[in-house]
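So in our numbering, the last one in the sequence shown is 86, and the numbering has no gaps at all.
Every residue, glycine too, gets a C-beta built ideally from N, C-alpha and C.
Contents: one structure, followed by commentary.
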Amino acid sequence: MDLGMFAMPLRPLEGDITANYHRDVEAFVLGDKLGYSEGWMGEHFTIPWEPVPAPDLFIATVLAKTQNIKLGTGVVLLPMH
């Protein structure tokens, strides 16, 4: 059986954005170590508690730290680019 993960990083507004970003990266790294076959990251521009305007850059960061997991974006909002 293949398992996958989807991240929609809801965070408290008073939280540290950088720390939250690194926490999400480490969640995907852990998913890779646990044998998850795929991981997906959503894209959000206008919601302050979900600050992920560039999931492709997030994926690039995760790719440098993982070996087997396949990664993709949950959505790319083309009108915002």
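* Asked: If we call anything under 8 Å between Cβ atoms a contact, is Gly20 one with Trp45?
  -> no
* To do: Quick one: grab the DSSP three-state call for Thr23.
  => helix
* Could you check what DSSP says for Gly44 in three-state terms: helix, strand or coil? => strand
* Own chain, CB closer than 8 Å to Leu82, minus 5 neighbours either side, in chain order -> Glu48 and Phe50
* Asked: Alpha carbon to alpha carbon, what distance is there between Pro17 and Val57?
  -> 14 Å
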